[in-house]
Structure formats: C-alpha cells, structure tokens
Amino acid sequence: MLHFARWKVISVAAVSVLGMLFAAPNLINSKMLEGLPSWIPHKQVHLGLDLQGGSHLLLEMNQNELISEWLETIRDDARNVLRKEKIGYTGLRPTQESVILRIRKPEDQESAVKALNEIVQQLQGSVFTGSGGNDLKIEGGADGLIKITPTEPALTERINAAIRSTIETIRRRVDELGTTEPNIQRQGQARILVQVPGFDDPQKLKELVGKTAKLTFQLVEPSMTAARARATRMPPGTEILPSSDEAGIEYLLKRRVIVSGEDLVDSQPSFDQRTNQPVVTFRFNSSGARRFGRVTRDNVGRPFAIVLDREVISAPVIQEPILGGTGQISGNFTVEGANNLAILLRSGALPASLDIIEERTVGPSLGADSIAAGKVAAVLGLLGVVVFILVAYGQFGIFAISALFINIALIIGALSILQATLTLPGIAGIVLTIGMAVDANVLIFERIREEVRAGKTAISAISSGYSRALGTILDANITTFIAAFILFWLGSGPIRGFAVTLSIGIITSVFTAFTVTRLMISYWLKSQSSRNIVVPI
Amino acid sequence: MKFKGFDFFPHGTHYPFVNLRWLSFTGSSILIVASIAAFLSIGLNYGIDFQGGSLIEIKTKDGPANIGELRNKIGGLGLGDITIQEFGAPDDVLIRVERQSGGEKAQQQVIIKIRSALGDSVDYRRTEVVGPTVSEELKVNGAIAVITAILAVLIYIWFRFEWQFSLGAVAALVHDVLLTIGVFSVLQLEFNLSIIAAILTIVGYSLNDTVVVYDRIRENLRKYKKMGLEELLDLSINETLSRTILTSVTTLIALLALYIFGGEVIRGFTFAMIWGVVVGTYSSIFIAAPLLLIFGVKRDWSGFGGAKVKSSAG
Numbered sequence: 006m007l008h009f010a011r012w013k014v015i016s017v018a019a020v021s022v023l024g025m026l027f028a029a030p031n032l033i034n035s036k037m038l039e040g041l042p043s044w045i046p047h048k049q050v051h052l053g054l055d056l057q058g059g060s061h062l063l064l065e066m067n068q069n070e071l072i073s074e075w076l077e078t079i080r081d082d083a084r085n086v087l088r089k090e091k092i093g094y095t096g097l098r099p100t101q102e103s104v105i106l107r108i109r110k111p112e113d114q115e116s117a118v119k120a121l122n123e124i125v126q127q128l129q130g131s132v133f134t135g136s137g138g139n140d141l142k143i144e145g146g147a148d149g150l151i152k153i154t155p156t157e158p159a160l161t162e163r164i165n166a167a168i169r170s171t172i173e174t175i176r177r178r179v180d181e182l183g184t185t186e187p188n189i190q191r192q193g194q195a196r197i198l199v200q201v202p203g204f205d206d207p208q209k210l211k212e213l214v215g216k217t218a219k220l221t222f223q224l225v226e227p228s229m230t231a232a233r234a235r236a237t238r239m240p241p242g243t244e245i246l247p248s249s250d251e252a253g254i255e256y257l258l259k260r261r262v263i264v265s266g267e268d269l270v271d272s273q274p275s276f277d278q279r280t281n282q283p284v285v286t287f288r289f290n291s292s293g294a295r296r297f298g299r300v301t302r303d304n305v306g307r308p309f310a311i312v313l314d315r316e317v318i319s320a321p322v323i324q325e326p327i328l329g330g331t332g333q334i335s336g337n338f339t340v341e342g343a344n345n346l347a348i349l350l351r352s353g354a355l356p357a358s359l360d361i362i363e364e365r366t367v368g369p370s371l372g373a374d375s376i377a378a379g380k381v382a383a384v385l386g387l388l389g390v391v392v393f394i395l396v397a398y399g400q401f402g403i404f405a406i407s408a409l410f411i412n413i414a415l416i417i418g419a420l421s422i423l424q425a426t427l428t429l430p431g432i433a434g435i436v437l438t439i440g441m442a443v444d445a446n447v448l449i450f451e452r453i454r455e456e457v458r459a460g461k462t463a464i465s466a467i468s469s470g471y472s473r474a475l476g477t478i479l480d481a482n483i484t485t486f487i488a489a490f491i492l493f494w495l496g497s498g499p500i501r502g503f504a505v506t507l508s509i510g511i512i513t514s515v516f517t518a519f520t521v522t523r524l525m526i527s528y529w530l531k532s533q534s535s536r537n538i539v540v541p542i
Numbered sequence: 003m004k005f006k007g008f009d010f011f012p013h014g015t016h017y018p019f020v021n022l023r024w025l026s027f028t029g030s031s032i033l034i035v036a037s038i039a040a041f042l043s044i045g046l047n048y049g050i051d052f053q054g055g056s057l058i059e060i061k062t063k064d065g066p067a068n069i070g071e072l073r074n075k076i077g078g079l080g081l082g083d084i085t086i087q088e089f090g091a092p093d094d095v096l097i098r099v100e101r102q103s104g105g106e107k108a109q110q111q112v113i114i115k116i117r118s119a120l121g122d123s124v125d126y127r128r129t130e131v132v133g134p135t136v137s138e139e140l141k142v143n144g145a146i147a148v149i150t151a152i153l154a155v156l157i158y159i160w161f162r163f164e165w166q167f168s169l170g171a172v173a174a175l176v177h178d179v180l181l182t183i184g185v186f187s188v189l190q191l192e193f194n195l196s197i198i199a200a201i202l203t204i205v206g207y208s209l210n211d212t213v214v215v216y217d218r219i220r221e222n223l224r225k226y227k228k229m230g231l232e233e234l235l236d237l238s239i240n241e242t243l244s245r246t247i248l249t250s251v252t253t254l255i256a257l258l259a260l261y262i263f264g265g266e267v268i269r270g271f272t273f274a275m276i277w278g279v280v281v282g283t284y285s286s287i288f289i290a291a292p293l294l295l296i297f298g299v300k301r302d303w304s305g306f307g308g309a310k311v312k313s314s315a316g
C-alpha cells in the first residue's frame, strides 16, 4: 500500500503540475496573458453572468401563432384549388388544429379530396426519421365534410425551422450590440436562452430581442375612416390597425401587403434633411422596388401605411411614384429608437412572436462585489481549515494541506480546461470542497491513529489505515456525487455551476487523498532513519 | 523534527448513544411534526423563483437609502404586494414585487415602471423577472430533484449494504430535509432555487456521514460476531466519533467563512448548509444508526466482502 511504482509517482506528479499550470492563467490578468508565449495555457475560468455581470433572457416562441398562420395559408391554398377545379364548397375555415370545409354536392367529395392533394407536400425527412411522409392529412367525413390537418412531424419540422431562424435573427440583432461572446441557444421544444455577458441594460436587450419586427407597407382604404367602418360595416379585404405612438388613433387599411420586410436589403438610421428628425432609411430588392413603384404610381395622392408588428408607424401621402426602391420611415423616433428599428429591419423579422418568460440581469458592480466577497470567504475559510488541520495532525497535517492546495489547483485547472462556468454558488462549492476535501484525509488519519493504538507498527498502521479507509471514502463520496449529478441534471445557470465545482471537487479530493498525501507519507517513511518510527499524529 | 498533532478527542469512549434513542427519536419526531405543521400553517416564504414576480436590487448613490421614501415612490405604481428591505448594507435595497396577473407580458412592465419611478438616482445592481410558466416549472423540478436524489441514494445504499441500512439512511435524510424546510418556514427565510441546491448538498453531506458510520458497523458486524447489536452500534459510533466531529468542524469553518464574508446574495444558501451540516451530523449518530436496532440487521456477512477484510488485514 505504501510502495509506489515509478510510473505512478511520475503520473501523480504530472497531474499535479498540470493542474497548477492550467490554474496559473487565472492568477494574472488577461492583458499580461496575451504577452505570454503560446505554449503556456491561456484559458481562464469562464465566469458566470452573476459574477461578471450581464443579462439573461429566456424566451418562448408562440407556437400557436405559427400554427394558425400556417392554417390560414392552407385555407387560402384550398380556396384556390377548389375555385380552379370549380367545386362548390361552404364553411371553409381554420379551427384549432385543422382547416375544415364542406363540399356542396356530396358526389364531388372524392374529386375534391383528390384535387386538394395538390397542396400536400412531401416532408424532407432525415436520417433519424426515415423518409418524411406528408405534411398534411386530408380526410373526408360525412355530409361532404373535408378536414385538412398538418401532421405531427410536419408541425415539429415547422417549429424546428422557426426556432432555427429565430436564433439566427436574434444572433444578428445581438451582434449589433457589439458585446463579446453572447450565448444564444435553444432550450427544450420552443425556448431560446439568450445570455449577454457584460451587458446590463435589459430594457434595450428586450427591445432588440423580443420584437417580432414584421414590417409591411399597405394602402390606406380611401372609401371611409376606421371609425366609420367600425360603426357601419368593414369593406371587404380591409383591417383596422392602431397607431404606434398616438393613443386612440386607428387606421383602416387594405389587407393586401404591397411589400414586406423580407424585400428589404438594407436599412440605416439617419436624419431627415428638412426637419432634422431621426428617420430610418431603407432600400428594397429589385422585385420589391418594382412592386412598390407600380403601386405608388397608381395611387398618387393617396396615403399608404408603414406597419410594424401590426401597429401603424406612419401613414404618409404618396406625393409622386417612388421608383428608385429607396425610402425613409419617419415616425416620432428618438435617435436610439431609429437606430433600434434600423437594426430590427436589417436583421429581419421573427417567424413568430416571443414571450420573455424569465429575465435575470446582474450589474457589473454587484458581480465584482460577489467575486471579492467570494475570494475573502475562500481565503479565510482556507486559512481556518489549514490552522485546524495543522493543530489536529501536526506533520501529517502538512501533507494533508499540501494535498488540499494541489486539490484547489486541480479544481481551478479543470474548470479552466473544461471552460465550465464559475458562478457564485460555484465559489461556494469550492469553499465547501475545501472543508469536505479534508474529510478523506481525516478518515485515513483517524484510522491510522486507531491502528497505532491497537499496537501496530507505524508502517503497518499507515498501510492498513489507507486500505481500510478506501471503501468508506468511496462510498461516502459516491453518494455526494449522486446528489451533485442530480443537481447538474435538473439545475440551470448558477446552480449548475455549483454542481460542476462540487463534482470536480469530489473527484479531485479523492484523487489527492489517495495519491498525493500517500506519496508524501511514503517518502516521509523512507526518510526516517530510526527503526522505531513514531507516527506523528 | 517531530511536529505532532494534537489529538482533541478522547478515544475509546463508550457513550451510550443508542441507549438515548428514545430521547432522540421522540425529540426528532416532535421536531418533524413541528416542521410539517409550520410548513402547512405558516408556509415557506417562496422567492420569485417559485412564486413568479420581480426583484430589483438597487444601491443608492448618495448615502444610506431612505426606505420610506422608496416605498412612497413605488407604492403608488399599483403593482400589488411589494416588499422593500435593506440588503446587507444601508445603501443596498432589495425590492420584491409579487407576480402580476395577466400572463407573461404583464410581468415585464414591473421593471419598466420601477426604473422610471426611481430614475438615475440609484444604481441598478440586479433585476430578475420570473414569469408564471418558469416558476411553476422550477417548483416541480426542485421537488423532483430532491425526491430523485433521495431515491437514488436509497438504491445505492441498498446495493452497497442491505435494505435495513438503506431505510435507515433515507429516514435520516428525510429527517434532515424536513427539518430544513421547517426552519425556513419558522424563520420565514426566502426559499429559492439555491436553497434546493443547498438541500441536495445536505443530502450528500448527511449521507456521507451516515455511510461512514454504517461502514464501521458493517465492519464490526464481521469482526465481532457475538457482540450484542446495541453494544456494537455504540462501539461503531464511538469509534468514528472523532472523525465525525473533525470533518464537521472543518466543513463548518469553511461554511462560516462563507456565511460571514460571502455576501448577502448567498447568505440564505450558506445558512441552509450550516443548518444541514449540524442536523446531518446529529441524524447520522442519533437517527440512522439506532434505527438499525429497530429494523434489525443481517449478522452473517461472511459471504459478502469477506475477501476485502482479509486483504486489508495484512
């Protein structure tokens, strides 16, 4: 138990040295780090948002919006098909999860189903799901009823695609903030986690990330006002939308969209040349420019509306045909508002709106305070433990303490290599490990004391002390590890950081107790000249 | 040079721990019933993690905060139940606002309103908004985490020892968890996500202690085949007593440093752990071990792990 093969000695020493080497970059600041040769490890511990400050948003996509939008498209497609085939129908409308309609003549039902199959598309399919199958299921029921339902895999595919594009869009928007290393990732079915370190203006972040930014240009219905339409009857193909900045003002607009945000190729914040007000300039792509030119040519003297997320930003009157494909949006913008809108338009619209379901922001001052407090607690905790162990175990205590320092180096080194996130509870985990890591040595040393009292010689007492304590130490630490693993599995953010440092601490403290201190004790035994070695504990 | 350790604790003690079981069982039962009663009557002071709502930590820029003035400014915003309290320092204030009715979007307005009411006169240190969906999930996940941990441990101990040990360890754990929930109910300390983390760590720590005692019991069961069970349990607890106390002390030293110097944000978390270490140490000695006397244990361990004893004897 006390003899070490040379390769074991070398590997224990190597692990300890590597641990210190990888932990070392954390002792110096990052500027000095850049000046060092490249073979020296550069990775520092990655600090969590609670320590370095930053914003954390958890967003949830409104899947229902996505589905109902799709159902409306299906309804329009179905209408076109049935008109083309000249099949009479009534009651065509989307329900919760399907589109239903009724064929007037029951004998037409079969041919209607056949014709409607035209709008069904094959799914792409993947390695995992095999060939895709269809995106819609068309069923005929009694009395000429037909039900068109999106299939489960098709819905999943839609949601996945929407989440992917949402993440891309959000990334483009967050990149505009110019912060370093934002973390944007999917969570679960329809959630997106956005973490922006060092950015503590959650309001601005939410304005950028949470906006759908669906931009449309629509004509204002000239035949009557919104108020009159509400009082009497809505003209066909129109809708009423509110103004974005004037409370109570409403516009009656034609539903048909002339051009939408998808046709924009660029947009920039700027100032109006005459009024010096902040505005947003934009440029259409060629097809957008053509359509916009044609409609403005036909509607000179009438107003059109610029609509963002179903609110009218402004409704200017068309003075002359706008043929160049460029234009500007002037609302009651502040400079920042114009800037944000330009970013939103450049980065594109989200496929569906997002709800912010969790928000946590830590300012840089609190983060710095937490780090300082954590450091003080760690140093004092360490000091207390060191003094206590020295008093309790004397010379062997020095071995245990050396092992403890190597242990801490290993934890920090491992955190640096794994680029695991260190959070405030994570620091607590390290401090707790300082207390608990000593446990393995305490178990061993107490066992050695017992063996000595039982009359064994130093060597056999130490040797059996180690071997008898092994099983206990493993059992005791595996149970703690189970708890840490469950924490990691179910926890999130700071809690997960705690679970990580706790688990790493358990592994390293078992390692150091069984190799580092044992190695030291074995060298100490060899160095004793006397034949009657007295265990100094 | 010889530098010998100071052996604090008397060895070869014969404290009759198991004999005190009726006292400890009665005492613990009363505490457990009291904890459950406190939980059911007073209830936990759930933080926004589990209840939903908003939280803002601010630091005033000029001198100590005037809580009354802050209350006047924020009270009129119509945000429902609001608590404003000093947080660790006289210029540090924590404002908590209850969950707003009206879904996820309504929660977002709280921070906007408070920020516009307070303006630039304060430094915004931390803002947190947890919507109804997330708080429900965190609640469920927290409960699942604690229950899963206890079940996992039950299975592990069963596998490594015997069912009696497994049951004893889990009884001690449930005891620790209930007493922690009890103390949080009585003291009305904020119960948030990090307290769940603390409870799980307590589960790990308390078990660590219990396993050390159980390990020694198992070893002594093999060694002293004729000794009475009560005597054997006492012997095992006494033999491991110095270790139990030494480890508790080092862990408590580290935790106290954290509690005093680690900052206000994790004070609740470290309090829970300190409580857990104390309760966990007690339950290993006074609950987990004596329970074996009630459950009874298998006395013949010759078939199991016998080889280990032989190899380690040399």
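Residue numbers (my numbering), protein chains in the order written: chain C, 6 to 542; chain W, 3 to 316.
Ideal Cβ placement from N, Cα and C applies to all residues, glycine included.
query, result
"Proximal residues to C/SER469 (C-beta, below 6 angstroms), its chain only, five neighbours per side dropped", "GLU456"
"Residue of C/ALA232, C/ASP268, C/LYS209 and C/ALA310 minimising C-alpha distance to C/LEU258", "C/ALA310"
"Interface residues of chain C facing W/PHE271 [CB-CB closer than 8 angstroms]", "PRO430 and ALA433"
"Min CB distance W/ILE116 to chain C below 9 angstroms", "no"
"According to DSSP, residues forming a beta bridge with C/VAL447", "Per DSSP, none; premise fails for C/VAL447."
"Closest residue to C/ARG365 among C/LYS380, C/GLY306, C/VAL199 and C/PHE404 (Cα-Cα distance)", "C/VAL199"
"Where the stretch 192-207 of chain W meets chain C: residues whose CB sits under 8 angstroms from a CB there", "LEU195, SER196, ILE198, ALA199, LEU202, THR203, VAL205, GLY206 and TYR207"
"Pairwise C-alpha distance: C/ALA489 and W/LYS312", "Reliability of the predicted coordinates at W/LYS312 is poor, the pLDDT of 36 falling under 50, and no value is obtained from them."
"Buried versus exposed call for C/ASP277 [16 or more other C-beta atoms within 10 Å across all chains shown]", "exposed"
"According to DSSP, residues forming a beta bridge with C/PRO283", "C/PHE276"
"Buried or exposed (CB count within 10 angstroms, at least 16 for buried), C/SER508", "buried"
"Helix, strand or coil at W/SER61 according to DSSP, with G and I counted as helix", "The amino acid occupying residue 61 of chain W in the given sequence is Lys; Ser does not appear at that position. Residue state, collapsed to three classes: strand."
"Residue-chain proximity (W/ASN240, chain C), Cβ-Cβ < 9 angstroms", "no"
"DSSP three-state assignment for C/ILE229, whether helix, strand or coil", "It is worth fixing the name first, because residue 229 of chain C is Met in this sequence and not Ile. Three-state result, C/MET229: coil."
"Host alpha helix (DSSP H) of C/HIS61 (start-end)", "It is not in any alpha helix (DSSP H) - C/HIS61 instead sits in the beta strand (DSSP E) that spans 59-66."
"Under 8 angstroms from the C-beta of C/VAL436: neighbouring residues of chain W", "ALA256, LEU257, ALA259, LEU260 and GLY264"
"Proximity below 9 angstroms, CB of W/ILE114 to CB of W/ILE97", "no"
"DSSP-derived helix/strand/coil call for C/ASN85", "helix"
"Under 7 angstroms from the C-beta of W/ARG98: neighbouring residues of chain C", "Going along chain C, no residue has its Cβ under 7 angstroms from W/ARG98, so there is no contact; the nearest lies around 14 angstroms."
"Reference C/THR221; option with closest CA among C/VAL305, C/GLY293 and C/ARG169", "C/GLY293"
"Spatial neighbours of W/ARG245 in its chain, beta-carbon cut-off 8 angstroms, leaving aside the 5 residues before and after", "VAL214"
"Amino acids of chain W, ordered along the chain, whose beta-carbon sits closer than 7 angstroms to that of C/MET525", "Per Cβ cutoff of 7 angstroms: no residues; C/MET525 is ~14 angstroms from chain W at best."
"The stretch 357-371 of chain C: positions lying closer than 8 angstroms to chain W by Cβ", "ASP360, ILE361, ILE362, GLU363, GLU364, ARG365, THR366, VAL367, GLY368, SER370 and LEU371"
"9 angstroms Cβ cutoff, C/THR517 in contact with chain W", "no"
"Limits of the unbroken alpha helix (DSSP H) element including C/ARG191", "Note, C/ARG191: premise wrong, no alpha helix (DSSP H); beta strand (DSSP E) at 188-192."
"Beta-carbon proximity list for C/ILE361, same chain, < 7 angstroms, skipping 5 on both sides", "LEU62, LEU64, LYS211 and GLY215"
"Cross-chain neighbours of C/GLY203 in chain W, by beta carbon under 8 angstroms", "By Cβ distance, chain W contributes nothing, its closest Cβ being about 15 angstroms from C/GLY203, past 8 angstroms."
"Minimum length 4: unbroken alpha helix (DSSP H) runs contained in the stretch 450-536 of chain C", "463-495, 498-516 and 522-532"
"Under 9 angstroms from the C-beta of W/THR182: neighbouring residues of chain C", "Those do not exist, as W/THR182 stays about 14 angstroms from chain C at its closest Cβ, beyond 9 angstroms."
"Whole-angstrom distance between C/LEU54 and C/VAL521, CA atom to CA atom", "35 angstroms"
"Cβ-Cβ distance between W/LEU154 and W/ALA290 below 9 angstroms", "The identity of residue 154 of chain W in the sequence shown is Ala, whereas the question assumes Leu. Cβ distance not < 9 angstroms, so W/ALA154 and W/ALA290 don't count as in contact."
"Cβ-based burial, W/ALA309 [other Cβ within 10 Å; buried from 16]", "With a pLDDT of 39 at W/ALA309, under the threshold of 50, the modelled position of that residue is not reliable, and the figure given next carries that caveat. When all chains shown are included, W/ALA309 counts as exposed."
"Cβ-Cβ distance between W/ARG269 and C/ASP480 below 9 angstroms", "no"
"DSSP-derived helix/strand/coil call for C/LEU4", "No answer is possible for residue 4 of chain C: the residues shown for chain C start at 6 and end at 542."
"Option nearest C/SER21 by Cα separation, candidates C/SER532, C/VAL539, C/LEU530 and C/LEU524", "C/LEU524"
"Assigned secondary structure, W/VAL148 (DSSP; H/G/I helix, E/B strand, else coil)", "helix"
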